[in-house]
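Heads up, the final residue of the sequence shown is numbered 947 in this note's numbering, and it's a clean run with no missing numbers. Here a beta-carbon is modelled for each residue, glycine too, at the ideal position from N, C-alpha and C. It should be emphasised that the depicted structure is a prediction, and the values quoted were computed from it without experimental measurement. These notes concern the structure reproduced below.
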Amino acid sequence: MQLIETIAGLREVLAEARRQGLKVGLVPTMGYLHEGHASLITRAKEECDVVVVSVFVNPLQFGPHEDLDRYPRDLERDAQLATKSGAAILFHPSAQEMYPSQVLTTVSVQQVTDRLCGASRPGHFDGVATVVLKLLNIVLPDRVYFGLKDYQQVRVISRMVSDLNVPVQIVPCPTIREPDGLAKSSRNVYLTAQDRQAALVLSNSLRELQKLVSAGERNAALLQSRLTEWISSEPLARIDYVEILDSEKLEPVSCETAEIVAAVAVYFGQTRLIDNAVIDAEGRPFYAADSNEIKNSSRQGNRS
Ligand code: PAF
Numbered sequence: 644m645q646l647i648e649t650i651a652g653l654r655e656v657l658a659e660a661r662r663q664g665l666k667v668g669l670v671p672t673m674g675y676l677h678e679g680h681a682s683l684i685t686r687a688k689e690e691c692d693v694v695v696v697s698v699f700v701n702p703l704q705f706g707p708h709e710d711l712d713r714y715p716r717d718l719e720r721d722a723q724l725a726t727k728s729g730a731a732i733l734f735h736p737s738a739q740e741m742y743p744s745q746v747l748t749t750v751s752v753q754q755v756t757d758r759l760c761g762a763s764r765p766g767h768f769d770g771v772a773t774v775v776l777k778l779l780n781i782v783l784p785d786r787v788y789f790g791l792k793d794y795q796q797v798r799v800i801s802r803m804v805s806d807l808n809v810p811v812q813i814v815p816c817p818t819i820r821e822p823d824g825l826a827k828s829s830r831n832v833y834l835t836a837q838d839r840q841a842a843l844v845l846s847n848s849l850r851e852l853q854k855l856v857s858a859g860e861r862n863a864a865l866l867q868s869r870l871t872e873w874i875s876s877e878p879l880a881r882i883d884y885v886e887i888l889d890s891e892k893l894e895p896v897s898c899e900t901a902e903i904v905a906a907v908a909v910y911f912g913q914t915r916l917i918d919n920a921v922i923d924a925e926g927r928p929f930y931a932a933d934s935n936e937i938k939n940s941s942r943q944g945n946r947s
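This is how it looks when you write it as structure tokens:
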């Protein structure tokens with residue numbers, strides 16, 4: 644696997660790959676890779692000839708009091724995991740390489756950013772959309788892979804790609820979990836043993852919610868209050884948000900048969916974890932592990 648640190652270097656290598664007619668897949672990450680990332684890389688390798696993994700802790704998407712400085716980093720380990728999972732290129736630009744001068748142009752996606760992390764972390768999705776568009780412009784991939792643990796992020800990027808006719812296919816991939824249910828996240832390393840145990844309340848509560856919906860309960864206010872109750876029963880959990888929204892628009896559900904997303908952000912100590920469950924009108928998990936579609940995912944202008 645090649646480690647490339649400059650945009651020019653990466654473009655040169657990829658231009659050659661494209662000349663040879665090879666299909667390029669991109670897995671954008673902030674590093675400290677885990678099995679969740681590995682599953683994206685493996686999937687990309689199954690579907691593309693050349694897989695680029697970007698590792699860039701993007702300062703633009705962190706708020707002033709967030710964990711930019713202490714965000715975990717381990718490039719050597721990342722390189723090993725990326726290689727093992729099938730990546731051909733690890734793109735690791737510096738902040739100076741990505742943002743050589745003051746950023747005067749950003750991408751701002753409206754409405755789907757009004758709630759959830761968009762509300763809790765002002766400016767976060769402008770930072771995400773901007774860096775992802777830059778990465779797409781640098782790599783020009785045929786396909787780009789994102790994990791559905793960051794459900795709102797997938798919606799935001801899908802909307803950006805659709806609105807701006809970016810010629811790429813977005814491939815949303817299922818959340819990878821620890822055997823006990825905790826969603827894999829680079830931030831899990833921050834958790835103390837006690838908080839790690841307490842954090843199981845998220846996946847357990849979302850599973851209970853799913854059962855409730857399967858049993859026929861569709862009242863969003865009631866579902867939201869049940870979910871809040873279950874999570875609050877864990878003394879170490881401090882809720883940032885618990886919401887039941889229309890899975891597509893990320894707005895309060897206006898009809899009882901809508902597909903919903905139950906999305907939560909909860910602090911355990913200083914660590915803020917997010918998780919979600921997307922549930923269709925019959926109460927089934929909306930996203931099947933073997934599907935590569937997300938409803939309303941952008942297909943406009945796709946190359947493949
Ligand atoms: O999900 C992430 O790791 C980041 O938000 C992303 C998409 C790599 C953009 O910095």
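In terms of residue numbering, what span does the alpha helix (DSSP H) encompassing residue i cover?
{"i": "V844", "result": "L843 to S857"}
{"i": "C760", "result": "L759 to S763"}
{"i": "I874", "result": "A863 to S875"}
{"i": "D806", "result": "Y794 to D806"}
{"i": "D721", "result": "L718 to S728"}
{"i": "A682", "result": "In the sequence as presented, Ala is not what sits at residue 682; that position holds Ser. Here the alpha helix (DSSP H) through S682 covers E678 to E690."}
Shortest alpha-carbon distance to residue i belongs to which of the options?
{"i": "Q840", "options": "D823, I887 and Q853", "result": "D823"}
{"i": "A722", "options": "G706, V695, D712 and N701", "result": "V695"}
{"i": "N919", "options": "T773, E851, Q812 and V670", "result": "E851"}
{"i": "W873", "options": "H708, G674, L849 and T835", "result": "L849"}
{"i": "R720", "options": "N780, L879, A842 and A681", "result": "A681"}
{"i": "S697", "options": "V667, E709 and R662", "result": "V667"}
{"i": "V811", "options": "L779, Y714 and T871", "result": "L779"}
{"i": "V885", "options": "K892, L916 and V700", "result": "L916"}
{"i": "Y794", "options": "A858, L718, G652 and K892", "result": "K892"}
{"i": "D712", "options": "R861, S728, A738 and E877", "result": "A738"}
{"i": "V700", "options": "G674, A660 and Q753", "result": "G674"}
{"i": "V746", "options": "L703, D710, V782 and Y714", "result": "L703"}
Compute the minimum distance between the beta carbon of residue i and the heavy atoms of the ligand PAF, and state whether it is under 6 Å.
{"i": "N701", "result": "yes"}
{"i": "M803", "result": "no"}
{"i": "T672", "result": "yes"}
{"i": "D793", "result": "yes"}
{"i": "V698", "result": "no"}
{"i": "V774", "result": "yes"}
{"i": "V811", "result": "no"}
{"i": "V771", "result": "yes"}
In the DSSP assignment, find the unbroken beta strand (DSSP E) run with residue i in it and report its ends.
{"i": "E740", "result": "Not the beta strand (DSSP E): E740 falls in the alpha helix (DSSP H), residues A738 to M741."}
{"i": "A905", "result": "I903 to F911"}
{"i": "G668", "result": "V667 to T672"}
{"i": "A920", "result": "T914 to I922"}
{"i": "R786", "result": "R786 to G790"}
Please list, in chain order, all residues of the same chain as residue i whose beta carbon is under 8 Å from its beta carbon, the five residues on each side excluded.
{"i": "T649", "result": "P736 and E740"}
{"i": "M644", "result": "A722, A725, T726, A730, A731, I732 and L733"}
{"i": "I903", "result": "V856, A863, L866, I887, L888, D889, S890, V896, V921 and I922"}
Keeping to the same chain, check which residues put their C-beta closer than 7 Å to that of residue i; ignore five residues upstream and five downstream.
{"i": "V775", "result": "P671 and I800"}
{"i": "R881", "result": "V909 and Y910"}
{"i": "D769", "result": "T749, V750 and S751"}
{"i": "Q955", "result": "Nothing about residue 955 can be reported from this structure: the residues present for the chain run from 644 to 947 only."}
{"i": "D838", "result": "L879, F911, G912 and T914"}
Could you pull out every residue in the same chain whose Cβ sits closer than 6 Å to the Cβ of residue i, ignoring the five residues on either side in sequence?
{"i": "A901", "result": "D889"}
{"i": "Y833", "result": "T914"}
Tell me whether residue i, by its Cβ, gets closer than 6 Å to a heavy atom of the ligand NAD.
{"i": "A658", "result": "Absent from the structure shown: the ligand NAD. Ligands present: the ligand PAF."}
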